[in-house]
Amino acid sequence: MTWWRRLVGGSSGRDPRHTDFLAEALDLESRGDYANALTSYRLALRERPDDLGVLQNIAIAFSKTGQPEEAIRTYRRALQLDAESPGAHYGLAFLLLKRGDTAHAAMHLESFLQFSTEQDPTSARFRAHAERTLAQLQGAPDDADGQYQDPSARSGDDDGSAYTDEG
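Residue numbers are given in the UniProt record's numbering: position 17 of the sequence shown equals residue 17, and the series is strictly consecutive.
Structure (structure tokens):
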């Protein structure tokens with residue numbers, strides 16, 4: 001009656017191969033395939049609905065696929081789980097800046113600086129970027145129309161996705 005147990009929710013006794021959706025997503029992302037990585041991240045999130053790292057990776061993939069509103073929503077969900085997540089604050093800050101919401105962006109940059117570790121050499125570059133950006137937001141704008149200009153931008157695509165507080 002193995003088929004009956006499977007039909008009503010029991011186990012067949014077999015150990016089916018489990019797909020590691022997170023590893024799959026990371027592999028796809030490393031190859032620049034953000035759209036398919038998003039699918040795998042969503043499947044990984046089903047298995048671990050409160051995994052902060054998965055949520056942040058989903059937000060980054062949304063940013064990379066041109067879906068900033070979804071990325072913002074995902075970073076906010078991550079912050080509901082952990083209000084002190086430096087990666088979520090950093091990513092959200094730069095997405096809000098792109099949207100023109102400088103007040104909330106500054107708030108998230110301040111939170112990032114508060115919750116990120118100064119001693120962590122990996123975060124030093126991101127802390128410096130956040131400090132420069134925050135200083136610019138609190139001072140006079142660089143251009144005549146009052147728009148934020150990223151002080152370290154090499155291109156116009158800073159979506160804040162480079163920083164995660166993983167590992």
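The beta carbon of each residue, even a glycine, is placed where N, CA and C say it ideally should be.
Residue i: first and last residue of the uninterrupted alpha helix (DSSP H) it sits in
{"i": "P121", "result": "P121 to Q138"}
{"i": "H89", "result": "P86 to R99"}
{"i": "A83", "result": "Looking at the DSSP string, A83 is not in any alpha helix (DSSP H), and its letter there is neither H nor E."}
{"i": "R31", "result": "Premise fails: R31 is in no alpha helix (DSSP H) and is neither H nor E."}
{"i": "residue 173", "result": "Not covered by the structure: residue 173. The range shown for the chain is 1 to 167."}
{"i": "S111", "result": "T102 to F115"}
Residue i versus residue j - alpha carbon distance
{"i": "T117", "j": "S123", "result": "7 Å"}
{"i": "S63", "j": "A71", "result": "6 Å"}
{"i": "L97", "j": "A105", "result": "6 Å"}
{"i": "L43", "j": "G139", "result": "43 Å"}
{"i": "G66", "j": "R76", "result": "17 Å"}
{"i": "A78", "j": "R48", "result": "13 Å"}
{"i": "T74", "j": "P121", "result": "27 Å"}
{"i": "D101", "j": "S40", "result": "31 Å"}
{"i": "N36", "j": "A93", "result": "25 Å"}
{"i": "A25", "j": "F112", "result": "26 Å"}
{"i": "D145", "j": "L22", "result": "Residue confidence for D145 is low, a pLDDT of 48 falling below 50, so the modelled location carries little weight and cannot support an answer."}
{"i": "Q114", "j": "G32", "result": "32 Å"}
{"i": "Q56", "j": "L81", "result": "11 Å"}
{"i": "M107", "j": "V54", "result": "24 Å"}
{"i": "E131", "j": "A103", "result": "15 Å"}
{"i": "M95", "j": "L38", "result": "It should be pointed out that residue 95 corresponds to Leu in this sequence rather than to Met. Spanning the two alpha carbons is a distance of roughly 18 Å."}
{"i": "R46", "j": "E69", "result": "21 Å"}
Classification of residue i by the beta-carbon crowding that lies within 10 angstroms, buried from 16 upward
{"i": "P86", "result": "buried"}
{"i": "T133", "result": "buried"}
{"i": "E29", "result": "buried"}
{"i": "Q119", "result": "exposed"}
{"i": "residue 182", "result": "Because residue 182 is not part of the residues shown, which for the chain are 1 to 167, the question remains open."}
{"i": "D20", "result": "exposed"}
{"i": "L109", "result": "buried"}
{"i": "H89", "result": "buried"}
{"i": "A83", "result": "exposed"}
{"i": "A135", "result": "exposed"}
{"i": "A128", "result": "exposed"}
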